[in-house]
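The structure appears below as structure tokens.
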Amino acid sequence: REDLYMALSVIVVLLFHFATLSSSANMHYVAVLLFGPARTFQWACYFHMLSQPMRYSSAFSGRLVGYGNTVIALVGNGPPSLLHAFVSDATTFGSVTNRYAAAHIGLAVLMVSCLMLPVHLHRQHRTTLGSSASQRFGRNI
């Protein structure tokens, strides 16, 4: 079920973000321990979703992975430089610590918005179950 493992992936990443916002050294260790599994699980979810024949034709899956990875590379490599420039050189929010916290909070808000993907997948799953049940019983439900 794509909706469940995508939701779990987003939740683990949100836990990572909140652990990095803490000033506690123990929470930073938790963040370090969460980073690798969270990142690996995200990639596994991504590739599993793209490999589903009911979602994407196998004739296009290679091209889809290539284009998707290009977009991920561009989006993944550009913003860190901009965020670093904002945190180190900007004058808004007073101090570097405040700008760092603002950047992390902004990223966490963006990650919360990523919960829309598992919600969408869950709705698709329910719709698919409903349509397959109506086909099985020969009527519209």
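With mature numbering (1 follows the signal peptide of the UniProt record, and there is no 0) applied, the sequence shown covers -24 to -1, 1 to 117.
All C-beta atoms, glycine included, are put in the ideal place defined by N, C-alpha and C.
Applying the criterion that 16 or more other CB atoms from any shown protein chain within 10 Å of the CB defines a buried residue, is Ser57 buried or exposed?
The residue is exposed, with fewer than 16 neighbouring Cβ atoms inside 10 Å.
Within the same chain, show all residues whose beta-carbon is closer than 7 Å to that of Met87, passing over the 5 residues directly before and after it, in chain order.
Val(-15), Val(-12), Leu(-11) and His(-8)
Look at the alpha carbon of Met(-19) and the alpha carbon of Ser(-1), and state the distance between them as a whole number of angstroms.
29 Å
If I'm right that Ala79 touches Leu59 with Cβ under 8 Å, what's the distance once you round it to whole angstroms?
5 Å
For Gln28, does the three-state DSSP call read helix, strand or coil?
coil
Looking only at its chain, what residues have a beta carbon closer than 8 Å to the beta carbon of Phe11, apart from the 5 residues adjacent to it on each side?
Phe(-9)
Residues of its chain near Val72, where Cβ-Cβ distance is below 8 Å and the 5 sequence neighbours each way are ignored
If you ignore the 5 residues before and after Val72, its C-beta comes within less than 8 Å of the C-beta of Val63 and Ser64, all in its own chain and listed in chain order.
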